[in-house]
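Quick notes on the structure that follows.
Chains as they are written, first to last, in my numbering: chain A, 38 to 479; chain B, 38 to 264.
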């Protein structure tokens, strides 16, 4: 899961939890608030009445011992004052029902008794609970709405900010990691960010890639220089051997040894040339401007290789459309790619075996398959076949130094051709080349 | 024929001189660009072999000078730098051929001969071997007017190479380098030369026994001619 998605998810969930808790607590909260508010009001009303009593005497409410009662027309508030017989002091606020003109209404009632002129009076101030609750409901919904709005707002704000703050990370991943081939020798742009962590990450990636690049570059230069430098001494040795071979006074026995030296020198030469070729391909010193008919290319390869096929009586078949043309390729390299594949197919084949080369469209992409009936590649050897100088157990018997497939791979990478290998031991191997569109023309 | 060898590696220059002298060329050898430049300006050569990687001179400048003072000379570039770029540049400037080090002396000789043939338009390049007529221009072998049509390109290359170096034993390595040398190959086995020779003998035998194509036991093959 992406970091941003995770953050958004956490944000939303945590806020949802807050909303739920708040919604659950809201009625209680409102009720408490209401109670405090109502009680305050009752106290104030009580104070007003007592004030009146203090300044104007009890007579302003009670004359002739009649009790006083007053309520608003819709009976939501009432005040009553009466003589009281109880001795104990009362000062409570309670919810109690009262019968007013035949209606039983639940009130929140403040009861307070006091003594004026040696008489006990009981004062009651009540507010109907209905009217109290009436206000609490809209209050609740308003509070809820405000809460939801605030949550939505903060989620949005979080989202926008996290997108903004994570943008450099996304850029680092998109431009420097995804789909990048290592080593990549392109120039590196610094990512703009004010977050020091990302800056550090960017710089670290930068440095690591630089290190990898320079190591790769050094290795390539070394191989290229070393193989170049080896060419001249090999050339001198070869000439010396050739001249000695021609000398009449050299006995046959010495000539046999010279021959042996020549063979070994040829091997050295072949390895050096191959390494040089691979380094030249990797340094992109070849042009990709040739067009060549695949059919003709395979026919040319057949000319080179037919003697090796005859040796084991291997049959060779080509199922390639004659009008299929490879474009934007290097002919020399493509020749080498197919030559090495087919040469391997012949080398590791059995007597009376066969080699088939077929080109076909698979899901609108051109695929060339080189199929042989050879000894196959074991599963443990499979990951190693493209490694330089890796001699596989199967190839030990053969006169090979393990550079054929590395050449094939370098050429394929250079042309952006994908190679898949399927093999069954004892049955044969299929090399499947997937060619990008820009290499094919019909 | 006069040859100027410009090669800073003394070991190689010496061997080139020995080889070319043996093949009746008159050799001048220079180890650096400055003396080569003088020689080019003063003498006339039929062949100039230039090593591109000279310590004191750009080999391509030398090539320009050679073209100026010795316009008739055949220039062959020898280099350890087998880059495509150099190749194109060298041939653009009028080099007649290009040999990447390490090369075989026999290959050099064969190239020099081929360029001479091409340059001087030697029309009929025929050789007669035990009744077989080998036509190097048309690349055909015939016996009493009948063409041996089954001979493949590679087989003809082998015969022609042996013929060029007639009376000399060529090893399997030398032969395989000639016919497969340009291929970058994982294995350098020269065993297939035997198969090729076997095929050639079989095809020629249908007309007459090719006794002139000899196997030199333990060493290789040669074409033997009377003269």
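We put the CB at the ideal spot given by N, CA and C, even for glycine.
Supposed contact pair residue 196 of chain B and residue 240 of chain B - C-beta distance, whole angstroms, cut 8 Å: Taking the first residue of the second chain as position 1, residue 240 of chain B is located at position 203. Taking the first residue of the second chain as position 1, residue 196 of chain B is located at position 159. The distance from the Cβ of residue 240 of chain B to that of residue 196 of chain B is about 10 Å, inconsistent with a contact at the 8 Å cut-off.
Opening and closing residue of the beta strand (DSSP E) in which residue 152 of chain A lies: To locate residue 152 of chain A, count along the first chain from 1; it is residue 115. Where residue 152 of chain A is concerned, the enclosing beta strand (DSSP E) stretches over 140 to 153.
Chain A residues whose Cβ lies nearer than 7 Å to that of residue 138 of chain B: By one-based count along the second chain, residue 138 of chain B stands at place 101. Result: 268, 269, 272.
Partner residues on chain A for residue 210 of chain B, Cβ-Cβ distance less than 7 Å: Sequence index remark: in the second chain, residue 210 of chain B carries index 173 (1-based). Within 7 Å Cβ-Cβ: 299, 300, 303.
Residue 352 of chain A classed as buried or exposed, judged by whether at least 16 other C-beta atoms fall within 10 angstroms: As a first step, residue 352 of chain A must be located in the first chain, where it is residue number 315. Burial call: exposed.
Three CB pairs or more closer than 8 Å across the segment 383 to 402 of chain A and the segment 338 to 350 of chain A: At 8 Å Cβ cutoff, the stretches touch.
Residues near residue 177 of chain B in its chain [Cβ-Cβ closer than 7 Å; skip 5 each side]: Here residue 177 of chain B refers to the residue found at position 140 when the second chain is read from its first residue. Exclusion of the five residues before and after residue 177 of chain B leaves 184 as the residues of its chain whose Cβ lies within less than 7 Å of its Cβ.
Residue 152 of chain A, buried or exposed, once every other Cβ within 10 Å from all chains shown has been counted against 16: Your numbering for residue 152 of chain A matches position 115 in the first chain. Its Cβ having fewer than 16 others within 10 Å, residue 152 of chain A is exposed.
CB-CB length for residue 129 of chain A against residue 117 of chain A, believed under 8 Å: Taking the first chain and counting its residues from 1, the one referred to as residue 129 of chain A is at position 92. Taking the first chain and counting its residues from 1, the one referred to as residue 117 of chain A is at position 80. Going by Cβ atoms, the distance from residue 129 of chain A to residue 117 of chain A rounds to 15 Å, so no, they are not a contact pair.
Residue 208 of chain B burial status per 10 Å Cβ neighbour count (16 or more: buried): Taking the first residue of the second chain as position 1, residue 208 of chain B is located at position 171. Buried, since its Cβ has 16 or more Cβ neighbours within 10 Å.
Residue 260 of chain A beta carbon less than 7 Å from that of residue 370 of chain A: By one-based count along the first chain, residue 370 of chain A stands at place 333. By one-based count along the first chain, residue 260 of chain A stands at place 223. Taking 7 Å as the Cβ cut-off, residue 370 of chain A and residue 260 of chain A do not qualify as a contacting pair.
Local Cβ density within 10 Å of residue 215 of chain B, reported as buried at 16 or more and exposed below that: By 1-based counting over the second chain, the position of residue 215 of chain B is 178. Classification of residue 215 of chain B: buried, given that the 10 Å Cβ count is 16 or more.
Neighbourhood of residue 180 of chain B by C-beta distance below 7 Å, restricted to the same chain and skipping five residues each side: Within the second chain, the letter at position 143 stands for residue 180 of chain B. Excluding residues within five positions, the ones whose Cβ falls inside 7 Å are 168, 169, 244, 245.
Segment limits, alpha helix (DSSP H) that includes residue 451 of chain A: Residue mapping note: residue 451 of chain A aligns to position 414 of the first chain, counting from 1. DSSP places residue 451 of chain A inside the alpha helix (DSSP H), whose first and last residues are 441 to 451.
Buried/exposed call for residue 174 of chain B, threshold 16 Cβ in 10 Å: As a position in the second chain, residue 174 of chain B is number 137, starting the count at 1. Per the 10 Å Cβ criterion, exposed.
Proximal residues of chain B, C-beta to C-beta of residue 348 of chain A below 9 Å: Locating residue 348 of chain A in the first chain gives position 311, where the first residue counts as 1. Contacts between residue 348 of chain A and chain B, judged by CB atoms closer than 9 Å, involve 228, 229, 232 in chain order.
Contiguous alpha helix (DSSP H) assignments of at least 4 residues, all confined to the segment 272 to 327 of chain A: Segments of the alpha helix (DSSP H) lying fully in the segment 272 to 327 of chain A: 289 to 319.
Pairwise C-alpha distance: residue 252 of chain B and residue 272 of chain B: Absent from the model: residue 272 of chain B. The displayed extent of chain B is 38 to 264, so no value can be given.
Boundaries (first-last residue) of the alpha helix (DSSP H) holding residue 237 of chain B: Residue 237 of chain B sits at position 200 when you count from the first residue of the second chain. In the DSSP assignment, residue 237 of chain B falls within the alpha helix (DSSP H) that extends over 229 to 242.
For residue 365 of chain A and residue 451 of chain A, believed in contact at Cβ under 8 Å, the rounded distance: As a position in the first chain, residue 451 of chain A is number 414, starting the count at 1. As a position in the first chain, residue 365 of chain A is number 328, starting the count at 1. Between the beta-carbon of residue 451 of chain A and that of residue 365 of chain A there is about 11 Å, and that puts the pair past the 8 Å contact cut.
Residue 128 of chain B to residue 156 of chain B span [Cα, whole Å]: Here residue 128 of chain B refers to the residue found at position 91 when the second chain is read from its first residue. Here residue 156 of chain B refers to the residue found at position 119 when the second chain is read from its first residue. One C-alpha to the other measures close to 15 Å.
Interface positions of the segment 48 to 77 of chain B facing chain A (Cβ-Cβ less than 8 Å), listed along the chain: Listed by position along the chain: 48, 49, 52, 53, 55, 56, 59.
Limits of the beta strand (DSSP E) - the one that residue 391 of chain A falls within: Working through the first chain from its first residue, we reach residue 391 of chain A at position 354. In this chain, the beta strand (DSSP E) harbouring residue 391 of chain A covers 391 to 399.
Integer Cβ distance of residue 74 of chain A from residue 121 of chain A, believed to fall under 8 Å: Locating residue 74 of chain A in the first chain gives position 37, where the first residue counts as 1. Locating residue 121 of chain A in the first chain gives position 84, where the first residue counts as 1. A Cβ-Cβ distance of about 28 Å is found for the pair residue 74 of chain A and residue 121 of chain A, leaving them out of contact under the 8 Å criterion.
Three-state secondary structure assigned by DSSP to residue 425 of chain A: The sequence position of residue 425 of chain A within the first chain is 388, counting from 1. Residue 425 of chain A: coil per DSSP, three-state reduction.
Which of helix, strand or coil DSSP assigns to residue 183 of chain B: Position 146 of the second chain, counting from 1, holds the residue named residue 183 of chain B. The answer is strand: DSSP assigns residue 183 of chain B an E or B state.
Chain-order list of residues whose beta-carbon lies under 6 Å from that of residue 206 of chain B (same chain, five-residue window excluded): As a working note, residue 206 of chain B is residue 169 in the second chain. Closer than 6 Å at the Cβ level, and outside the excluded window around residue 206 of chain B, lie 253, 256, 257, 259.
Cβ neighbours of residue 106 of chain A in the same chain (closer than 6 Å, five flanking residues each side left out): As a first step, residue 106 of chain A must be located in the first chain, where it is residue number 69. By the criterion of a C-beta distance shorter than 6 Å, residue 106 of chain A is surrounded in its chain by 117, once the five residues flanking it on both sides are discounted.
Range covered by the beta strand (DSSP E) that runs through residue 464 of chain A: Position 427 of the first chain, counted from the start, is the residue given in the question as residue 464 of chain A. Per DSSP, residue 464 of chain A lies in no beta strand (DSSP E) and is assigned neither H nor E.
Exposed unless 16 or more other CB atoms sit within 10 angstroms - verdict on residue 190 of chain B: For the purposes of this step, residue 190 of chain B is identified with residue 153 of the second chain, where counting begins at 1. Residue 190 of chain B should be labelled exposed.
Coil, strand or helix - residue 137 of chain B by DSSP: Translated into positions along the second chain, residue 137 of chain B becomes position 100. Strand, per DSSP.
Extent of the continuous beta strand (DSSP E) to which residue 409 of chain A belongs: Taking the first residue of the first chain as position 1, residue 409 of chain A is located at position 372. Counting along the chain, the beta strand (DSSP E) containing residue 409 of chain A begins and ends at 402 to 409.
Min CB distance residue 40 of chain A to chain B below 7 Å: Residue numbering aside, residue 40 of chain A sits at position 3 when the first chain is read from its first letter. Interface criterion not met: the Cβ of residue 40 of chain A is under 7 Å from no Cβ in chain B.
Assigned secondary structure, residue 158 of chain A (DSSP; H/G/I helix, E/B strand, else coil): Along the first chain, one-based indexing puts residue 158 of chain A at 121. Residue state, collapsed to three classes: strand.
Spatial distance of residue 330 of chain A from residue 317 of chain A (CA atoms): For the purposes of this step, residue 330 of chain A is taken as residue 293 along the first chain, with counting starting at 1. For the purposes of this step, residue 317 of chain A is taken as residue 280 along the first chain, with counting starting at 1. Straight through space, the alpha carbons of residue 317 of chain A and residue 330 of chain A are spaced by roughly 24 Å.
Residues of its chain near residue 458 of chain A, where Cβ-Cβ distance is below 6 Å and the 5 sequence neighbours each way are ignored: The residue labelled residue 458 of chain A in the question sits at position 421 within the first chain. Same-chain partners within the cutoff: 468.
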